[in-house]
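Mapping to full-length UniProt numbering: the sequence shown position 4 is 4, numbers consecutive.
Cβ coordinates follow ideal geometry from the N, Cα and C atoms, glycine included.
These numbers come from a predicted model, not from an experiment.
Encoded as C-alpha cells, the structure appears first; notes follow it.
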Amino acid sequence: MNRRRIATGIALVTLVAAGIGAWKRSGDEPARAGDTTAEARGGPKSATRKISTPPVRRAETNVDTREKSPFKEKARSLRGTDEDGALRVGPDGSLLLGPEILRLFDYYFTTEGEESDETIRARILAAIRERASGPAALQAAALLDQYLAYRKDKDGLALPKDEEADPTARLEALKKLRRKHFGEETADALFGDEEREGEVAAEASRIRQDETLTADEQEQKVAELEASLPQGAREAREAATLPLRARAEADAMRAEGATDEDVYTKRVETLGVEAADRLAELDAQRAAWKARIEAFRKERDALAAKTQDEAAFKAAEQALLDRSFTPLEQRRVRATLAMSSK
C-alpha cells in the first residue's frame, strides 16, 4: 500500500513539474514553427542554445543600407573604364575629405556633351549612395552641389588682360574662388595638393626662364623644388608624366633604328614588366586612335571633294563624326584636326 502511494505521489510531482515547465516556456516566447529542441529528441539540454535565433537587434547592425545604382550601364564613353576616385567614411560615419572625392565626381563629368547635366548629377548621386549611407552620403551629396556651383563659376572665371598668361595669377584667382565656395578648411583638404603642385610648376617655369642660371643649375633647382612636394603629390606627378617620358624615350630609340621589341625590353629593364605592359597598351591605343583619325580625315576629304554646298558639307561632316566617334571623342578629333591644320 505504501509503495502504491509513493509511486502515485512521484507521478503527480512529475506531471506538475512538466506542466509548470510548459507554462513557463509558453510565457517566455511564442513557439516557432519547425523549432525542435535537442532535449525533445533525447539530446543534452545545452544543445538548445546552439540553434536559437540571434536577437533581432544584432542582426540589424549588419544590414547594408547602401542603395544600388538605378543605372544599368555606364555612359557610352565610360564603358570598359575603371571608375576613379573614392569616398572614405570615418569611424563616426561622417565623410572624410580629400581629393579622391573630386576624382570620383570628375570621372562622371568627363561625359559632358554626351549626357545632360541632370543625368550626370543623377549618376554621381547614385555612385554616392552605393558607397556610403547616413551622414556621409548626405555630406557627399551636399559637397557635390557645392562643386557644381564652383565649376560653373570657374568656367566663367576671367582675368585682367595683363594676367591672362600668368599661371600664378590664375592659380591665385582659383584659390580665392575655391575658398569662397568651400571655406578655408574644406578647400585645403580638397585642393591643397593640387595647389601646391601648381605653385611648384609656376616656380619651376620661372627658374627655367632665368638666364642667369646654367642649364644644370636650373635642373638642380627644379629638382629641389619638386622634392618639397608631399609624397603623394610626387608619386602622382611621376605616374602622370611617365607615359610622356616613356614615349619620348621610345621615339628617340626608334629614330636610331630600335624595334618595338627593343623598346619593350628596355622598359622591362628600367620600369618592370607591369609598367612595360601598360605602356605597350598605351602605344597600341595611341596607334589605333591615329588610325581612326586618319580614316575619318580621308572620308571627310572625299566628302569635301564631291560636296559643293558648304551647309551640306557641314551636315555630312557631322553625320560622319557621329558615326565614327562618341560626343566626348569628337572634341579630341576637332582639336587634333585644328592643330594639324596650323
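- Under the DSSP assignment, S324 falls in the alpha helix (DSSP H) whose first and last residues are E310 to S324.
- Annotated three-state conformation of E114 is coil, per DSSP.
- The beta carbon of R178 lies closer than 6 Å to those of A187 and F191 in the same chain, with the five residues before and after it left out.
- E115 is positioned such that its CB atom lies closer than 7 Å to that of A75.
- Looking at the backbone, the Cα of L320 and that of R300 are separated by about 8 Å.
- Apart from sequence neighbours up to five positions away, no residue of its chain approaches D155 with a beta-carbon distance below 7 Å.
- Taking a contact as a CB-CB distance under 8 Å, the pair R196 and A233 counts as one, their CB atoms being some 6 Å apart.
- For the options K68, E73, F71 and S77, the alpha carbon positioned closest to that of F325 is the one of S77.
- Counting only residues of its own chain and dropping the five nearest sequence neighbours on each side, E203 has a CB closer than 7 Å to the CB of L225.
- Taking C-beta atoms as the reference points, E100 and G85 count as a pair closer than 7 Å.
- Proximity to R131 across A252, R88 and A246 peaks at R88, based on C-alpha coordinates.
- For S205 against P167, the beta-carbon gap comes to about 7 Å, under 8 Å, which counts as contact.
- Secondary structure note for S205: its alpha helix (DSSP H) is the uninterrupted segment E184 to R208.
- Taking 8 Å as the upper bound for CB-CB distance, A255 and V268 are not in contact here, some 21 Å apart.
- Residue burial is scored here from C-beta neighbours: A137 has at least 16 other C-beta atoms within 10 angstroms and is therefore classed as buried.
- A201 and Q231 have their C-alpha atoms roughly 16 Å apart.
- Boundaries for G98: no alpha helix (DSSP H) harbours it, and the DSSP string shows neither H nor E there.
- Excluding residues up to 5 positions away in sequence, V263 lie with their Cβ nearer than 6 Å to the Cβ of A250 in the same chain.
- K161: not part of any alpha helix (DSSP H); DSSP gives it neither H nor E.
- A residue is called buried when at least 16 other Cβ atoms come within 10 angstroms of its Cβ; A246 meets this threshold and is buried.
- Membership of G134 in the alpha helix (DSSP H) is indicated by the continuous run G134 to D155.
- Counting only the Cα atoms, I293 lies some 20 Å from K306.
- R88 is bridged by DSSP to L96.
- The beta carbon of I124 lies closer than 7 Å to those of F105, Y108 and L144 in the same chain, with the five residues before and after it left out.
- Contact check for G198 against L171 passes: the beta carbons are separated by less than 7 Å.
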